[in-house]
Amino acid sequence: MPTPPPTGPLVTRATLAGQLRELGVRPGDILLTHTSLSSLGWVSGGAVAVVRALLDVLGPAGTLVVPTQTGDLSDPAVWRNPPVPEEWWETLRATMPAYDPLVSPSLGVGVVPEIVRTWPGALRSAHPQTSFAAVGPRAAQIVEGHAPDCRLGERSPLARLEELGARVLLLGAGYDTCTSFHLAEYRIPSPLVKVGRPGPAGWEVVTEVSISSDRFDELGHDFERDVPVVVRGSVGGADVRLFPVADAVAYARRWLALHRSREDEI
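Okay, so the sequence shown: first residue is -10 according to our numbering, each after it adds one.
Printed below as a string of structure tokens:
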């Protein structure tokens, strides 16, 4: 069976950079970027071209930040995609490698974060499940101090990004990927959960705030409708949104307090 022809549009590093500038990305920005490479079209150079375009627009004074989460470093008892037999659980817990910021690959966040994670000069935060990687002059300030018992709260890069006036770029990705909304979960009454993971000394369990991205699409829709800070546009074939982290967190804090029930949380 013949391979189907590629779908367009054809985009390059230069066209991506030009459209990002038109959207309003500026030199010196701090940009928390969530990406869907496939939504852009046929990218000459793939994920590397996307990262180069972002860095071209941010310039030497700008800082690019991406989520580099490692959800596979978790308790196999809660795995759902796919689940594993219960008789495997203890062996998996005993043999699962501990998080290594230089080695552990990201999972479930797309191809672009993997390129950023291994980019020359990139720094990565220390949390074993919800790390972020950053490239640029503010990278160390953003990723340092990510507490092992604070996935996406006050002692995570999200709070630093909020303080520094960073913006979120949803590059073909939906609001369901918007990690900034999670910071709001730490600022409303939320249940605590036990979280298992491999550690340097073996399997460990920590107490954490319960987090969930359920209803983030609905939250994002309302945020965009109610707060006139979201810039919308297109880059390649992708729908793109650009907005401040601080505005997203402030709105999510109010919205989640009104709309989320305990049954929504995990």
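Ideal placement from N, C-alpha and C gives every residue a C-beta, glycine not left out.
Query, Result
"When burial is assigned at 16 or more other CB atoms within 10 Å of the CB, is S93 buried or exposed?", "buried"
"For H171, count the other beta carbons within 10 Å of its own beta carbon; 16 or more makes it buried, fewer makes it exposed. Which is it?", "buried"
"According to DSSP, G231 sits in a beta bridge with which residue or residues?", "Residue identity differs from the one stated: residue 231 is Leu in this sequence, not Gly. Bridge partners of L231: L158 and V220."
"Mind checking whether the beta-carbon of S63 lies closer than 6 Å to any heavy atom of the ligand COA?", "This structure lacks the ligand COA; in fact it carries no ligand of any kind."
"If you scan the region 53 to 133 from start to end, which runs of the beta strand (DSSP E) of 3 or more residues do you find wholly inside it?", "121 to 124"
"Could you tell me the boundaries of the alpha helix (DSSP H) in which H135 lies?", "Taken as a continuous stretch (DSSP letters only), H135 belongs to no alpha helix (DSSP H), as it is neither H nor E."
"Roughly how many whole angstroms lie between the Cα atoms of S199 and G13?", "35 Å"
"Considering only the beta carbon of each residue, do S25 and R186 sit closer than 7 Å?", "no"
"As a quick exercise: from V220, H23 and R82, pick the residue whose alpha carbon is nearest that of A190.", "R82"
"By the DSSP assignment, the beta strand (DSSP E) with V193 in it spans what residues?", "The question names Val, yet the displayed sequence has Glu at residue 193. Per DSSP, E193 belongs to the beta strand (DSSP E) from G191 to V198."
"Using 7 Å as the threshold, is the C-beta distance between G42 and R2 below it?", "It should be pointed out that residue 42 corresponds to Ala in this sequence rather than to Gly. Taking 7 Å as the Cβ cut-off, A42 and R2 qualify as a contacting pair."
"In chain order, what residues of the same chain have a beta carbon less than 6 Å from the beta carbon of P117, not counting five sequence neighbours either side?", "L62, Y88 and R186"
"Would you kindly report the start and end of the unbroken alpha helix (DSSP H) that includes V46?", "G35 to L47"
"Between the Cα of L96 and those of P178, T59, W108 and A111, spot the shortest distance and give me the residue it belongs to.", "T59"
"Can you have a look at P178 and say buried or exposed, based on whether 16 or more other CB atoms are within 10 angstroms of its CB?", "exposed"
"My assumption, with CB atoms under 8 Å, is that V32 sits in contact with A38. Please give the rounded CB distance.", "6 Å"
"Answer yes or no: do P102 and G51 have a C-beta to C-beta separation smaller than 7 Å?", "no"
"What does the Cβ neighbour count give for H135, buried or exposed, with the cut at 16 atoms within 10 Å?", "buried"
"With a CB to CB cut of under 7 Å and the five nearest residues on each side skipped, what residues in its chain are close to I104?", "A36, V37 and V40"
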